[in-house]
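> Each residue of the sequence shown is one higher than the last, beginning at 8 in the numbering used here.
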Amino acid sequence: MHELAIAQSIVEVVMAQASECRATHVKSVRLQIGEASGIMTDSLTFSFEMLTSLDPLLDGTQLLIENIPHVARCRTCAQEFAVVNLVSQCPLCQQWSGDIISGTELQIQEMEIETATPVMEE
Ligand SMILES: [Zn+2]
8 MHELAIAQSI
18 VEVVMAQASE
28 CRATHVKSVR
38 LQIGEASGIM
48 TDSLTFSFEM
58 LTSLDPLLDG
68 TQLLIENIPH
78 VARCRTCAQE
88 FAVVNLVSQC
98 PLCQQWSGDI
108 ISGTELQIQE
118 MEIETATPVM
128 EE
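1. Listed in chain order, which residues are found with a beta carbon closer than 6 Å to a heavy atom of ligand 1?
2. Quick one: is E117 buried, meaning 16 or more other Cβ sit within 10 Å of its Cβ, or exposed?
3. Taking its Cβ as the centre, do 16 or more other Cβ atoms sit within 10 Å of A43, making it buried, or is it exposed?
4. Verify whether the separation of the beta carbon atoms of R37 and T122 is less than 8 Å.
5. Quick check on DSSP: helix, strand or coil for V36?
6. Would you call the segment 102–121 in contact with the segment 19–26, where contact means no fewer than 3 C-beta pairs closer than 8 Å?
7. Do S60 and L11 have their CB atoms nearer than 8 Å?
8. Which runs of the alpha helix (DSSP H) at least 4 residues long sit entirely within the segment 53–107? Give them in chain order.
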């Protein structure tokens, strides 16, 4: 299960970041996933929820997924076009010379954390 391994590495990065920021809880993690990354977002969300439920720091953390369309730019006429079924053929000049400009990403865009506010007691 590919997505479980991906979810595992996301959780590791988030945990490391959270402890660096002395977070008490991670509220949400925003991910960018390219259409061409081959990742099934449903199964990634499922794996993420399963892994995060094991840790109080991450329990209930929302996984927000932003899907990035697969887009290429023609090297001949500079037309930008959507890549459908991994075919990067320019619809204008029919050249097979597309440079992929988006759609392969997998990155953590941001995360929202809670930190303990120091309570002054006298
Ligand atoms: Zn073209």
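Built from N, CA and C at the ideal position, the CB exists for glycine as well.
On the basis of the supplied data:
1. Checking every Cβ against the heavy atoms of ligand 1 under 6 Å gives C81, T83, C84, Q86, C97, L99, C100, Q102.
2. Taking the sequence shown and counting its residues from 1, one reaches residue 117 at position 110. By the 10 Å Cβ count, E117 comes out exposed.
3. As a first step, residue 43 is located in the sequence shown; it is residue number 36 there, counting from the start. Within 10 angstroms of the beta-carbon of A43 lie 16 or more other beta-carbons, which makes it buried.
4. For the purposes of this step, residue 37 is identified with residue 30 of the sequence shown, where counting begins at 1. For the purposes of this step, residue 122 is identified with residue 115 of the sequence shown, where counting begins at 1. The answer is no: Cβ separation not under 8 Å.
5. In the sequence shown, residue 36 corresponds to position 29, counting from 1. V36 carries a strand assignment under DSSP once its states are collapsed to helix, strand and coil.
6. Three or more beta-carbon pairs drawn from the segment 102–121 and the segment 19–26 are found closer than 8 Å, and the two stretches are therefore classed as touching.
7. For the purposes of this step, residue 60 is identified with residue 53 of the sequence shown, where counting begins at 1. For the purposes of this step, residue 11 is identified with residue 4 of the sequence shown, where counting begins at 1. No.
8. Fully enclosed alpha helix (DSSP H) runs of 4 or longer: not present.
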